[in-house]
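Asks: Quick one: the structure is below, questions incoming.
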Amino acid sequence: MLAQPLRPPSAGRAAAYVGLFLLGALVAVAGALVQAAWFPGGLLLALAAAVGTHLGGSYATRSRGGAMAPAAGWIVTVMLLTSSRPEGDFLFGAGGGSYLFLFGGMALAVICATLGAMRQPRDGSARLGK
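The opening residue of the sequence shown carries number 6 in my numbering; numbering runs sequentially from there.
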């Protein structure tokens with residue numbers, strides 16, 4: 006299986022990855038607003054939503070790419086939200102909760118992408134996953 010050439014994903018799988026990317030971005034925006042509003046509970050809720058999105062994408066597509074798509078959307082969105090505007094507006098404060106959300110969310114995204122569901126070989130001769 007490893008010696009096979011790489012082929013592009015099917016149209017359905019590519020659409021699923023794009024949808025998961027957008028879902029990760031939506032969870033990042035919602036988490037950025039919730040984590041500061043209800044500090045200890047909001048932070049945990051925002052991180053739990055991110056983990057649920059990453060692992061849910063992994064199990065839905067049965068691949069690690071399903072965890073990477075929402076993780077990429079989450080990280081890109083959070084990085085865009087951390088930049089300040091010319092008017093001086095910003096979304097994240099300099100408190101500890103914001104840093105826990107940023108760095109904890111990135112660490113959890115990497116963990117979920119690493120531990121996410123992998124595709125099993127189609128051959129029945131192996132006992133993987135049984």
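Every residue gets a Cβ at the ideal spot worked out from N, C-alpha and C, and that includes glycine. Note that this is a predicted model, so its numbers are computed, not measured.
1. Output needed for G13: all residues of its chain with C-beta closer than 8 Å, excluding positions within five of it in sequence on either side, in chain order.
2. By alpha-carbon positions, which one of I116, L25, G70, L48 ends up nearest to A35?
3. So does the region 21–35 actually touch the region 66–77, counting three or more Cβ pairs closer than 8 Å?
4. Which residue from G70, A33, L38 puts its Cα closest to that of A55?
5. Restricting to Cα atoms, I'd like to know which of I80, F106, S63, S68 is closest to P45.
6. Under the three-state reduction of DSSP, which class applies to G100: helix, strand or coil?
7. Could you check if W79 is buried or exposed, using at least 16 other CB atoms within 10 Å of its CB as the buried criterion?
8. Just to confirm, are S88 and A41 a CB contact at a threshold of 8 Å?
9. Please identify the residue among P10, A65, L85 whose C-alpha is closest to the C-alpha of A30.
10. If you draw a straight line from the C-alpha of L113 to the C-alpha of P91, how long is it?
11. With respect to the alpha helix (DSSP H) encompassing P13, which residues constitute its N-terminal and C-terminal limits?
12. Thinking C-alpha only, which one of V83, W43, L52 is nearest G109?
13. With the cut-off set at 8 Å, would you say T66 and L28 are in Cβ contact?
Replies: This is what the structure holds:
1. By one-based count along the sequence shown, residue 13 stands at place 8. Before going on, a small fix: residue 13 reads as Pro here, not Gly. Excluding positions up to five away in sequence, the list reads A19.
2. Position 30 of the sequence shown holds residue 35. Checked all of I116, L25, G70, L48; the closest Cα to A35 is L48.
3. With the cut-off at 8 Å, the region 21–35 and the region 66–77 touch.
4. Residue 55 sits at position 50 when you count from the first residue of the sequence shown. Selected option, being the one with the closest Cα: A33.
5. What you label residue 45 is simply residue 40 of the sequence shown in a count that begins at 1. Minimum Cα distance to P45 is reached at F106.
6. Position 95 of the sequence shown, counted from the first residue, corresponds to residue 100. Here G100 sits in coil by DSSP.
7. Residue mapping note: residue 79 aligns to position 74 of the sequence shown, counting from 1. The residue is buried, with at least 16 neighbouring Cβ atoms inside 10 Å.
8. Locating residue 88 in the sequence shown gives position 83, counting from the first residue. Locating residue 41 in the sequence shown gives position 36, counting from the first residue. Contact flag unset, no.
9. Position 25 of the sequence shown, counted from the start, is the residue given in the question as residue 30. Cα-wise, what sits closest to A30 is L85.
10. One-based indexing of the sequence shown puts residue 113 at position 108. One-based indexing of the sequence shown puts residue 91 at position 86. If you take the alpha carbons of L113 and P91, they lie about 31 Å apart.
11. Within the sequence shown, numbered from 1, the residue matching residue 13 stands at position 8. Counting along the chain, P13 falls outside any alpha helix (DSSP H), and DSSP gives it neither H nor E.
12. Position 104 of the sequence shown, counted from the first residue, corresponds to residue 109. Restricting attention to V83, W43, L52, the CA atom closest to the CA of G109 is found in L52.
13. Taking the first residue of the sequence shown as 1, we reach residue 66 at position 61. Taking the first residue of the sequence shown as 1, we reach residue 28 at position 23. Contact flag unset, no.
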